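Student:
Numbering (this note's numbering), first residue to last: 42 to 646.
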């Protein structure tokens with residue numbers, strides 16, 4: 042895979058201002074990767090432009106030699122010459138258009154590769170701040186817009202510039218004085234383009250933002266369709282979509298208004314000049330019939346010049362659309378990837394974890410830290426349980442162990458090494474995670490279990506993981522068994538089935554450190570018993586960190602850490618905590634009297 046292009050310095054003064062020239066130059070560098078194809082396309086565009094520019098001269102020749110002088114040789118061969126011109130124009134045009142389209146598709150492919158490659162390396166904080174829908178919109182809509190606008194721009198600049206220059210040269214050749222009058226409109230056209238430039242850039246960014254808003258709304262409605270149906274939220278969601286769609290409509294109409302005004306403004310400027318030229322030329326018709334041929338050729342050249350000039354006048358619109366979309370796309374490529382400054386290789390680990398005075402906030406604006414001066418230890422092979430109400434920091438601890446985030450103060454040690462000093466991939470290779478939010482991919486059950494380890498396929502290991510997680514209990518119900526595609530996020534399976542596949546994935550990985558974040562929350566009582574037995578076996582000789590609201594599942598833990606507001610309020614084995622008669626004992630007593638309750642309905646402070 043090619044490496045992403047490193048950008049020149051791009052100055053952004055605020056959320057919408059950026060160095061458009063630097064972005065465009067950077068975009069051209071993607072095009073120049075295909076210099077041979079690009080030069081081929083440009084060459085045939087130039088040839089096409091020269092043919093189109095020569096039409097006015099050819100028409101004058103036809104009028105003079107065919108109609109006026111009656112040259113028999115010319116009359117005999119003029120049709121063949123015209124066919125040759127048309128044939129050449131068609132062939133050259135096809136080659137130019139196809140080659141440029143190929144360059145455009147290659148650029149789209151490569152930019153998407155670079156964007157997605159860097160997206161996979163981005164830190165968790167990036168995804169906290171940027172919705173997945175906006176990322177999808179950038180990867181699909183903005184990349185397409187970027188490449189199409191750029192290739193269209195080059196096509197217009199090269200082909201229409203050649204046509205325009207050829208026709209202008211012909212006009213100067215026929216009558217330089219009249220042509221100078223015609224050229225008086227150029228400064229006014231430049232003024233129109235500069236005005237449109239600012240408007241296009243601003244509205245293009247607003248359109249990109251509005252597309253992200255639409256994508257967000259559609260995604261939420263798709264993911265939450267069951268909740269929408271149960272709670273009758275169809276009208277509310279339709280209103281949300283209507284608002285997002287209306288915003289997109291308004292922004293597109295703003296851009297359409299500016300775009301629609303460019304050509305009429307150009308015509309209003311050029312029209313009076315053409316009228317003046319027509320008046321002067323008509324007065325010259327008295328000089329003879331050849332003057333009429335020159336007049337027709339001159340006026341035809343003027344009229345032919347209008348189309349390429351209109352496209353050139355609007356090329357700035359495409360540039361601004363492309364540059365704005367490119368800036369949006371490059372914001373992902375330029376986003377700082379997850380820091381991996383660790384140099385200590387971790388080939389094996391005993392699983393000895395230590396939290397030393399660890400404090401953490403998700404943002405500097407948070408008044409209270411999520412974790413406040415946390416100190417505890419997990420010895421090799423120990424099983425520790427984290428207990429506390431929602432928001433007490435339990436899942437944050439697992440995120441810090443996996444280095445999704447870094448603590449602001451304190452340190453976390455693994456076998457005596459600061460986590461920040463370890464090679465990131467080595468650290469994560471030694472940790473398995475089963476969370477409450479099961480992540481399955483739109484692939485087969487087998488490939489989901491072996492996810493990230495497809496190159497380490499082991500049939501015996503796979504079957505052992507399936508059996509240990511009790512996945513085999515429902516496989517026989519599926520016609521394709523392990524080859525069943527689970528659908529987006531595993532939607533074709535029940536919650537319990539998804540959870541068991543996630544547990545099988547952790548068993549297959551066979552990492553020395555195991556994190557279970559509400560791993561059995563989606564299981565019924567029967568399945569939970571089976572999986573709990575499997576987890577008991579899995580946790581043997583492994584350092585295990587368990588988060589569970591159902592306290593009966595953690596009674597065998599070597600140490601139970603009770604958290605509240607990011608602080609440890611008590612810790613110890615199950616029996617000792619019961620004897621202490623503190624928070625844990627109160628909670629255990631409350632849950633014991635209501636055995637069907639899984640959550641912290643009885644958390645008392």
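Beta carbons: idealized from backbone N, C-alpha and C, even for Gly. It should be emphasised that the depicted structure is a prediction, and the values quoted were computed from it without experimental measurement.
In its own chain, which residues sit with a C-beta less than 6 Å from the C-beta of residue 633, not counting the 5 before and 5 after it?
Tutor: Excluding residues up to 5 positions away in sequence, nothing lies with its Cβ nearer than 6 Å to the Cβ of residue 633 in the same chain.
Student: Do the stretch 183 to 195 and the stretch 139 to 158 touch if we need at least three Cβ pairs shorter than 8 Å?
Tutor: Result yes; three or more Cβ-Cβ pairs closer than 8 Å.
Student: Which class does residue 429 belong to by DSSP, given the choice of helix, strand or coil?
Tutor: coil
Student: Cutting at 6 Å between CB atoms, please list the residues of its own chain near residue 86, excluding the five before and the five after it.
Tutor: 137, 199, 200
Student: I'd like to know whether the C-beta atoms of residue 345 and residue 63 end up nearer to each other than 8 Å.
Tutor: no
Student: Alpha carbon to alpha carbon, what distance is there between residue 67 and residue 78?
Tutor: 18 Å
Student: What separation, rounded to the nearest whole angstrom, lies between the Cα atoms of residue 230 and residue 313?
Tutor: Distance from the CA of residue 230 to the CA of residue 313, rounded to the nearest whole angstrom, comes to 14 Å.
Student: Which whole-angstrom value describes the C-beta separation of residue 584 and residue 573, a residue pair presumed to lie in contact below a C-beta threshold of 8 Å?
Tutor: That belief does not hold up - the Cβ atoms of residue 584 and residue 573 are roughly 19 Å apart, past 8 Å.
Student: Over the uninterrupted alpha helix (DSSP H) stretch that includes residue 450, give me the two end residues.
Tutor: No alpha helix (DSSP H) contains residue 450, which is instead part of the beta strand (DSSP E) from 450 to 455.
Student: Tell me which residues share the same chain as residue 608 and place their Cβ nearer than 7 Å to its Cβ, disregarding the 5 neighbours each side in the sequence.
Tutor: 413
Student: Within 10 Å of its beta-carbon, does residue 227 have 16 or more other beta-carbons around it, so buried, or fewer, so exposed?
Tutor: Exposed, since its Cβ has fewer than 16 Cβ neighbours within 10 Å.
Student: Short check: CB of residue 184 to CB of residue 370, under 8 Å?
Tutor: yes
Student: Have a look at residue 427 and residue 484 and give me their C-alpha separation to the nearest angstrom.
Tutor: 33 Å
Student: Three or more beta-carbon pairs under 8 Å between the stretch 476 to 492 and the stretch 530 to 546, yes or no?
Tutor: yes
Student: Just mark residue 125 as buried or exposed, buried being the case when its beta carbon has 16 or more other beta carbons within 10 Å.
Tutor: Residue 125 should be labelled exposed.
Student: What ranges does the alpha helix (DSSP H) occupy inside the stretch 160 to 217, keeping only unbroken runs of at least 4 residues that lie completely in it?
Tutor: 165 to 170, 173 to 178, 184 to 196, 202 to 215
Student: Quick check on the DSSP output: the beta strand (DSSP E) that includes residue 414 runs from which residue to which?
Tutor: Where residue 414 is concerned, the enclosing beta strand (DSSP E) stretches over 412 to 419.
Student: Assess, as a yes-or-no matter, whether the stretch 371 to 380 is touched by the stretch 152 to 162 under the definition of 3 or more beta carbon pairs within less than 8 Å.
Tutor: Contact holds: three or more Cβ-Cβ distances are below 8 Å.
Student: Leaving out five residues on either side along the sequence, give the residues of the same chain with a beta carbon under 6 Å from the beta carbon of residue 172.
Tutor: Here the set comprises 257.
Student: Which residue marks the beginning of the beta strand (DSSP E) containing residue 584, and which one marks its end?
Tutor: From DSSP, the beta strand (DSSP E) with residue 584 extends over 584 to 588.
Student: May I ask you to report which of helix, strand or coil DSSP gives residue 518?
Tutor: coil
Student: What span of residues does the alpha helix (DSSP H) with residue 470 cover, start to end?
Tutor: 465 to 470
Student: Closest to residue 551 by CA distance: which of 534, 473, 518, 586 is it?
Tutor: 473
Student: Could you compute how far the alpha carbon of residue 393 sits from the alpha carbon of residue 418?
Tutor: 8 Å
Student: Tell me, please, whether the stretch 538 to 552 touches the stretch 487 to 504 by the rule of three or more beta-carbon pairs shorter than 8 Å.
Tutor: yes
Student: What does DSSP give as the partner residue(s) for residue 600 in the beta ladder?
Tutor: Beta-bridge partners assigned by DSSP to residue 600: 425.
Student: Alpha carbon to alpha carbon, how far is residue 306 from residue 104?
Tutor: Computed Cα separation, rounded: 34 Å.
Student: Skipping 5 residues on each side, what residues in its chain have a beta carbon closer than 7 Å to that of residue 47?
Tutor: With a pLDDT of 44 at residue 47, under the threshold of 50, the modelled position of this residue cannot be trusted, and the question is left open.
Student: Quick check on residue 482: does DSSP put it in helix, strand or coil?
Tutor: In the structure shown, residue 482 sits in coil (DSSP, three-state: anything other than H, G, I, E or B).
Student: Please report the distance separating the alpha-carbon of residue 626 from that of residue 620.
Tutor: Rounded to whole angstroms, the gap between the alpha carbons of residue 626 and residue 620 is 8 Å.
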